[in-house]
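Numbering follows the UniProt record's numbering, with no gaps: position 164 of the sequence shown is 164.
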Amino acid sequence: MDAKLKHNLAIDVYSGAEGSARPSVHPPVCPTHSEGSRLAGRRMSASSSMSEQNAMIECMRVNDAGARSVDEIADIFHTDVNVGLSTVEANRRRQFNGYNEFDVESHDPLWRKYLDQFKNPLILLLLASAAVSVLMRQVDDAISIAVAVVIVVTVGFVQEYRSEKTLEKLKKLVPPAARCIRDGQDVQFLARELVPGDIVVVNMGDRVPADLRLIEAIDIQIDESSFTGETEPKHKTTPALKRTISNSHIEELTNVAFMGTLVRCGRAKGIVIGTGIHSQFGEVFGMMQAEEAPKTPLQQSMDHLGTQLSFYSFGIIGLIFVIGLIQGRNVLDMFTIGVSLAVAAIPEGLPIVVAVTLAIGVMRMASRHAVVKKLPAVETLGCVTVICSDKTGTLTKNEMTACVVVASDGTRGEVSGVGYNPLGGLCTVDHEAVMGYSHLSISRVIEIGCVCNNSSISENGTLLGQPTEGALIVLGMKTQLDSCRGHYRRLKEMPFNSDTKYMALQCEPLRPSATESTGDFSEYFVKGAVDRVLDMCTGYLENGRAVRQLGSNEKDAFLREAQRLGSSGLRVLALASGRTLQNLNYAGMVGIMDPPRPGARESIQTVQLAGVQVKMITGDAMETACSIGSRLQLYAPGDSVLSGQQVDDMSVHELEHIIRDVSVFYRAAPKHKLKIVKALQNIGEVVAMTGDGVNDAVALKKADIGIAMGTTGTDVCKEAADMILLDDDFYTIRAAMEEGKGIFHNIRNFVRFQLSTSVAALSLIALATFFHFENPLNAMQILWINIIMDGPPAQSLGVEPVDKDIIKLPPRNVKEPMITRALITNILLSASIIITGTLWVFYMEMADDNKVTPRDTTMTFTCFVFFDMWNALSCRSTRKSVFELGLF
Numbered sequence: 001m002d003a004k005l006k007h008n009l010a011i012d013v014y015s016g017a018e019g020s021a022r023p024s025v026h027p028p029v030c031p032t033h034s035e036g037s038r039l040a041g042r043r044m045s046a047s048s049s050m051s052e053q054n055a056m057i058e059c060m061r062v063n064d065a066g067a068r069s070v071d072e073i074a075d076i077f078h079t080d081v082n083v084g085l086s087t088v089e090a091n092r093r094r095q096f097n098g099y100n101e102f103d104v105e106s107h108d109p110l111w112r113k114y115l116d117q118f119k120n121p122l123i124l125l126l127l128a129s130a131a132v133s134v135l136m137r138q139v140d141d142a143i144s145i146a147v148a149v150v151i152v153v154t155v156g157f158v159q160e161y162r163s164e165k166t167l168e169k170l171k172k173l174v175p176p177a178a179r180c181i182r183d184g185q186d187v188q189f190l191a192r193e194l195v196p197g198d199i200v201v202v203n204m205g206d207r208v209p210a211d212l213r214l215i216e217a218i219d220i221q222i223d224e225s226s227f228t229g230e231t232e233p234k235h236k237t238t239p240a241l242k243r244t245i246s247n248s249h250i251e252e253l254t255n256v257a258f259m260g261t262l263v264r265c266g267r268a269k270g271i272v273i274g275t276g277i278h279s280q281f282g283e284v285f286g287m288m289q290a291e292e293a294p295k296t297p298l299q300q301s302m303d304h305l306g307t308q309l310s311f312y313s314f315g316i317i318g319l320i321f322v323i324g325l326i327q328g329r330n331v332l333d334m335f336t337i338g339v340s341l342a343v344a345a346i347p348e349g350l351p352i353v354v355a356v357t358l359a360i361g362v363m364r365m366a367s368r369h370a371v372v373k374k375l376p377a378v379e380t381l382g383c384v385t386v387i388c389s390d391k392t393g394t395l396t397k398n399e400m401t402a403c404v405v406v407a408s409d410g411t412r413g414e415v416s417g418v419g420y421n422p423l424g425g426l427c428t429v430d431h432e433a434v435m436g437y438s439h440l441s442i443s444r445v446i447e448i449g450c451v452c453n454n455s456s457i458s459e460n461g462t463l464l465g466q467p468t469e470g471a472l473i474v475l476g477m478k479t480q481l482d483s484c485r486g487h488y489r490r491l492k493e494m495p496f497n498s499d500t501k502y503m504a505l506q507c508e509p510l511r512p513s514a515t516e517s518t519g520d521f522s523e524y525f526v527k528g529a530v531d532r533v534l535d536m537c538t539g540y541l542e543n544g545r546a547v548r549q550l551g552s553n554e555k556d557a558f559l560r561e562a563q564r565l566g567s568s569g570l571r572v573l574a575l576a577s578g579r580t581l582q583n584l585n586y587a588g589m590v591g592i593m594d595p596p597r598p599g600a601r602e603s604i605q606t607v608q609l610a611g612v613q614v615k616m617i618t619g620d621a622m623e624t625a626c627s628i629g630s631r632l633q634l635y636a637p638g639d640s641v642l643s644g645q646q647v648d649d650m651s652v653h654e655l656e657h658i659i660r661d662v663s664v665f666y667r668a669a670p671k672h673k674l675k676i677v678k679a680l681q682n683i684g685e686v687v688a689m690t691g692d693g694v695n696d697a698v699a700l701k702k703a704d705i706g707i708a709m710g711t712t713g714t715d716v717c718k719e720a721a722d723m724i725l726l727d728d729d730f731y732t733i734r735a736a737m738e739e740g741k742g743i744f745h746n747i748r749n750f751v752r753f754q755l756s757t758s759v760a761a762l763s764l765i766a767l768a769t770f771f772h773f774e775n776p777l778n779a780m781q782i783l784w785i786n787i788i789m790d791g792p793p794a795q796s797l798g799v800e801p802v803d804k805d806i807i808k809l810p811p812r813n814v815k816e817p818m819i820t821r822a823l824i825t826n827i828l829l830s831a832s833i834i835i836t837g838t839l840w841v842f843y844m845e846m847a848d849d850n851k852v853t854p855r856d857t858t859m860t861f862t863c864f865v866f867f868d869m870w871n872a873l874s875c876r877s878t879r880k881s882v883f884e885l886g887l888f
């Protein structure tokens, strides 16, 4: 039965809230099933109705699955959580839902994609020039033009081919094998054979093979960085979520495991709710197929330039040919001159110079920690008017850092230093460094943070473990307290999870103190959410030792302090210790943040002064986003901010009206990035977008230039991007923009030189024709000028070093053509000097006998070449003279 017939026969028997997408059971006949008659988790009995057995089970949206209980999910998918599906039923469902994979289909064969590159007007113009050269028996010229065409066409083809490879990268995130319960047996088979309703088991180190609604979760943490870009693993549970939560950010779906994510620890069992293109990855896949990468501004300028040159060049050459015929000149001579002018006027060296200039720019960028995958993308950076940047890892270090320690007795320690390198960092109390137990109240807080910890810092400064725990370890290293972990023996650990919101570690000292009585020396060290830890405390420490009774007033004061730290953008952890978990003594709290990168604020100010807006997009809460935005001078109190939910609720048209006034977006998901990009492009902005997760790939492809993170970015993200930041640093974007502006100026200088030479040559012949002079240059000399024009002097303009002050120039207007009025003025001025000087020499040489001799044309040709060489030197810059630049 084909898909269309199935659709026509299908009847959705599950009703729900309007707009909610849920799986549908599609029987081939009309009987329905009562919602109340379902018994979740039951084995499908032999007495099940025939219509139920033949039901077509579709995939379910993750938001809907998160809001339903395990029993409801099992009943909807007609599966048994202990026995799973039968092989027969799985095969039947696969016929309806297809395999759990992505099909990357190429609609056109490779040879056709290659030939499509020849539709470019400049390419057609060059091919015409090559054909004329062959007719004139100028084989060398024809070969050089053909080589230029092949280079340009091949580069364009490779770029298009790479876009298809981006989709294929998604397949690599689907594991080849999956562990599944089928027919009551725990079996392993290819992940592509999974169907909705299968029961899948995942353990530490496994990649999730499909979207799963978890039905069992034992201390499981899943790394969703390949999906969301957030590096912190997510704790997963099984209870159903409230509708308000399940319909918000996908990161809030704590009972759903997404295809392609990685199990960091623990184990789980889940019901398959989405496979292949019907999974969350499938949505990304479909969006990437629908979105086409826009042409770069440089490509658009080159297309327009090719059309302009074709029109004007052939128009002038045709006019010269017709006037010559009217004057009775030799037809063959005029044809020869006309063809020579055509070859000389067409800048066949332009594509090569553009390619070489871009390639050199790519090499320069590689030395500055940026890998450019698509050559025109380098120049596009010079046109960017808006940069939409991730916060984590790009504007910030992505290295959680303790900033402040507040002890329970009110002592406050300020912490310096950024990231996981403790060198140069200190914790100070009233400008006095905390070392060891020099300040007992602060030291006790730090000690608890180091002991109740599973992370470590390697010798090369790499974090091994959780980022938040890494911040506590580095804090211990700054105060020489990190070794305190070696003073205790671990007895029992209660890991952090989203339900308890704390981690507890029971330890006993390796060497009990003499003051401790014999018996149980064990002690609990606890860290976690402030409110949760305070609920477990009956006392608090003063000066790190004395225990005071914790009353409601003290508790409220501690909560207010935590709220104050949290409102400044810090992640706050409370720390406590005690003999039992019900009678802990509160020690204090630590404020932790992901600090801005050194130099990020200065880089932002530099690009802003050049007329480029910077917008920060983060998944963090509003307080954190505004705090970082304020530190980076992207946000000031009273400025407009938008949440991902607000972006969702707006139409693109509504977003267009306010987006220029918003610099900070919080609680934003990757799908919101795509909407932001579209809104900005619709109002004429040229957008650079950064990203690192799989879901970012769609926005990166849609943006005028997509920038992937080299350290934290996924393979899919890197394939979709135009440029990769090896150091994930915003400063590198600034350097790339500087390079992009310089490259376009070099290309424009080259065009200025080529066109001034072409105009001079055309005008020289045209004036001689109009005034009945003999042609001052013969066909061979015109072709030789063409060689000079495309030779070393011209090529050197493309590799001119970038002017240091060029970053201060505003972004190039992409609607502005390559040939502007100012450029035309410069071209005509240069051409006039060449023409005047050359004609004067020609007139003086011819004045003796009023005849044009080989000596006359040779002198004229030599003068033309010398004038043109000086023209090449003056074309090195439009802002500085040759005397400021120097001759070499």
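Beta carbons: idealized from backbone N, C-alpha and C, even for Gly.
| Query | Result |
| --- | --- |
| On the three-state DSSP scale, how would you describe Thr690? | strand |
| Look up Ala217 in the DSSP assignment and say whether it is helix, strand or coil. | strand |
| What's the gap between the Cα of Val686 and the Cα of Val378? | 14 angstroms |
| Quick one: give me the first and last residue of the alpha helix (DSSP H) that Ala407 is part of. | Taken as a continuous stretch (DSSP letters only), Ala407 belongs to no alpha helix (DSSP H), being part of the beta strand (DSSP E) at 401 to 407. |
| Is there contact between the region 437 to 444 and the region 399 to 416, where contact requires at least three CB pairs shorter than 8 angstroms? | yes |
| Consult DSSP for Ile628 and reduce its assignment to one of helix, strand or coil. | helix |
| Exposed or buried, which one is Lys119 when buried takes at least 16 other CB atoms within 10 Å? | exposed |
| Can you tell me whether His657 is buried or exposed? The criterion is at least 16 other CB atoms within 10 Å of its CB, across all chains shown. | exposed |
| Which full runs of the beta strand (DSSP E) of 3+ residues lie inside the region 568 to 619, going along the chain? | 571 to 578, 584 to 593, 613 to 617 |
| Compute the Euclidean distance between the alpha carbons of Ala794 and Leu305, then round it to the nearest angstrom. | 18 angstroms |
| Ignoring anything shorter than 4 residues, give me the alpha helix (DSSP H) runs that lie fully in the region 713 to 754, in order along the chain. | 715 to 720 |
| If Ile747 sits next to Gly798, beta carbons under 8 angstroms apart, how far is it from one beta carbon to the other, in whole angstroms? | 7 angstroms |
| With a 10 Å radius around its C-beta and 16 neighbouring C-beta atoms as the bar for buried, classify Ile683 as buried or exposed. | exposed |
| Counting along the chain, where does the alpha helix (DSSP H) carrying Gly449 start and finish? | 440 to 451 |
| For the putative contact between Ala822 and Ser763, defined by C-beta atoms under 8 angstroms, what is the C-beta separation to the nearest angstrom? | 20 angstroms between Cβ atoms; not a contact. |
| By the three-class DSSP mapping on this structure, what secondary structure does Leu464 have? | strand |
| Skipping 5 residues on each side, what residues in its chain have a beta carbon closer than 7 angstroms to that of Tyr666? | Thr618, Asp620, Ala621, Met622, Ala625, Val641, Ser643 |
| Nearest to Cys403 by alpha carbon, out of Tyr524, Arg571, His487? | Arg571 |
| Straight-line CA distance for Thr862 to Ile323? | 27 angstroms |
| Just checking Pro854 against the ligand COA - is the residue's beta carbon closer than 7 angstroms to any of the ligand's heavy atoms? | This structure lacks the ligand COA, and indeed carries no ligand of any kind. |
| Give me the residue from Gly691, Ala697, Lys702, Val612 with the minimum Cα distance to Arg660. | Val612 |
| Which same chain residues, not among the five before or five after Cys427, have their C-beta less than 6 angstroms away from its C-beta? | Gly413, Val415, Val434, Lys478, Thr479 |
| By Cβ distance, which residues of its chain are closer than 6 angstroms to Val263, with the 5 residues on each side in sequence left out? | Val202, Met204, Asp206, Ile222 |
| Please report the residue range of the alpha helix (DSSP H) in which Glu800 lies. | No alpha helix (DSSP H) contains Glu800, which DSSP labels as neither H nor E. |
| Which residue marks the beginning of the alpha helix (DSSP H) containing Ile824, and which one marks its end? | 821 to 846 |
| Grouping DSSP H, G and I as helix and E and B as strand, with all else coil, what is Arg38? | The pLDDT assigned to Arg38 is 35, lower than 50, so where the model puts this residue is not dependable; a value taken from the coordinates is nonetheless given after this. Coil, per DSSP. |
| Return helix, strand or coil for Thr857, following the three-state DSSP convention. | helix |
| In this structure, does DSSP put Cys875 in helix, strand or coil? | coil |
| According to DSSP, is Cys507 part of a helix, a strand, or is it coil? | strand |
| Do the CB positions of Glu523 and Arg579 come within less than 8 angstroms of each other? | yes |
| I need the straight-line Cα distance from Val386 to Lys678, nearest angstrom please. | 12 angstroms |
| For Ile143, count the other beta carbons within 10 Å of its own beta carbon; 16 or more makes it buried, fewer makes it exposed. Which is it? | exposed |
| One question on the structure: do Arg489 and Leu505 come within less than 8 angstroms of each other, judged by their Cβ atoms? | no |
| What are the boundary residues of the alpha helix (DSSP H) that includes Gln646? | 644 to 649 |
| Quick one: Cα of Ser279 to Cα of Met259, how far? | 7 angstroms |
| Below 8 angstroms between beta carbons: does that hold for Cys450 and Asp482? | yes |
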